[in-house]
Amino acid sequence: MSSLRDRMKQLVPTQVTDRVKESLVDYGVRTSDRRPLPDFLIIGTKRGGTTSLWNYLIQHPLVPRLFPAWNTKSAHYFEEHWRRGEAWYRSHFPTTRQRAALENRHGGPVRVGEAAPLYMFHPLAAQRVAELMPQVRLIVLLRDPVERAYSHWKERRTHDIEPLEFADALAAEAERTAGERERLIAEPEYFSEPYDWYTYRARGRYLEHLEPWLARFETSQFLFLPSEDLYRDARSTYARTLDFLGLPAFDLPDFKVYNDRRSAPLDPAVRAELTDYYRPHNQALERRLGMTFDWGAR
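Read in order, the letters of the sequence shown are residues 5 to 302 in our numbering.
This is how it looks when you write it as structure tokens:
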């Protein structure tokens, strides 16, 4: 009988990779009862610095990465993979034993989380999170919605998903996404790519999407961070986040910007239209949160 090593040698690399991945996923699910749910979620906003903040956090010795290692920052459970169930979700996080080992090694509390900017925007995510993790801490990055919309479009263009120019994409948004939000509510296991991809304007109406979260969680469970603060002074914003999570101070050697996309300036006419559009939404957001944002559309 050939040895396991001999049989592995006979497999092409992609087969090895696929089998290893399947084995790790299966192991995570089988040990899910030993894997506590996360302590925090970064729920938004898309193109607001969530990837950068997440990468800063996982450099802290008490913030472990997701499991298995190829999961970058999110399981996407509460929007895309709801049908897979709680055991599958838990499989992405470290075991109680792994948490204890980190705490013993570094002398502090472990904080486990994920970053999924579609969570804030999905119509069912707040309810799902509240039912499963009522004590979770929520981090919300909010960027000038005009800049956010343009950055969102640039990302879609980079990924060859968006064939339209920005002004045309804004004009087509309502038709492209018609009925998608209603279908997400009516069909809990449905996932909508148009709702994720083409909602350039809609995602910037922040208060509309935050209200379901504000209705279900205590004020003390939220940390609202202007994305512009992160861009201007990442070190200070990172320190605020650690304090909110109850983590000891930890300095990073640098604060690399992730997923930055340079491009031509936004067309002034489009900027003016979006600025006017968002002004009442931003003013309502400031009143509701008791915050002032350094945005043009105020």
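Ideal Cβ placement from N, Cα and C applies to all residues, glycine included.
Values in this document were obtained by computation on a predicted structure and should not be read as measured data.
Using 10 angstroms around the beta-carbon of residue i, count the other beta-carbons present and answer buried if the total reaches 16, otherwise exposed.
i	result
S7	Residue placement at S7 is flagged as unreliable, the pLDDT there being 44, under the threshold of 50; the coordinate-derived value follows with that caveat. That one is exposed.
N286	buried
M295	exposed
K25	exposed
T76	exposed
S27	exposed
T55	buried
K13	Residue placement at K13 cannot be trusted, given a pLDDT of 44 that sits under 50; the coordinates are not used to answer.
V150	buried
S231	buried
V16	Since pLDDT at V16 reaches only 46, below the 50 mark, its modelled position is unreliable, and no value is offered.
My assumption, with CB atoms under 8 Å, is that residue i sits in contact with residue j. Please give the rounded CB distance.
i	j	result
L174	F297	In fact, because the Cβ distance is near 22 Å, the residues do not count as touching under 8 Å.
P113	G250	6 Å
R115	V67	6 Å
T49	R152	6 Å
R216	V140	Here the sequence assigns Pro to residue 216, which means Arg is not the residue at that position. That pair is no contact at about 14 Å.
H156	R51	5 Å
R220	A130	6 Å
I46	G117	7 Å
N59	Y242	Incorrect: roughly 10 Å between the Cβ atoms, too far for contact.
D148	G53	Actually they are not in contact, since the Cβ atoms of D148 and G53 sit about 12 Å apart, beyond 8 Å.
K158	S267	5 Å
T245	L61	7 Å
So if DSSP puts residue i in a beta bridge, which residue, or which two residues, is it bridged to?
i	result
F347	Within the shown structure, residues of the chain are numbered from 5 to 302, placing residue 347 beyond reach of any answer.
L229	L145
Check this for me: beta carbons of residue i and residue j, under 8 Å apart or not?
i	j	result
T193	R87	Residue identity differs from the one stated: residue 193 is Glu in this sequence, not Thr. Closer than 8 Å, so yes.
I143	F82	no
Y202	E222	no
F248	L234	no
H64	F254	yes
Y204	R185	no
F170	V274	yes
Taking the alpha carbon of residue i as the point to measure from, which residue in the options has its own alpha carbon closest?
i	options	result
P257	D37, V114, A238 and L142	A238
R34	E186, T99, L128 and E191	T99
A79	E107, H64, E212 and Y123	Y123
R209	S56, H126, T55 and R101	H126
L188	E84, L57, G53 and G111	E84
L211	T54, I165, R291 and E166	R291
A119	L57, R266 and Y282	L57
H96	L106, H110 and S36	S36
D172	P252, E186 and D271	D271
F71	R283, Y93 and R205	Y93
Y282	N59, A206, N108 and T21	A206
E90	H110, L136, D200 and Y262	L136
Y154	G32, P269 and V29	P269
P138	R69, F170, Q225 and R161	Q225
A134	R101, N108 and L218	L218
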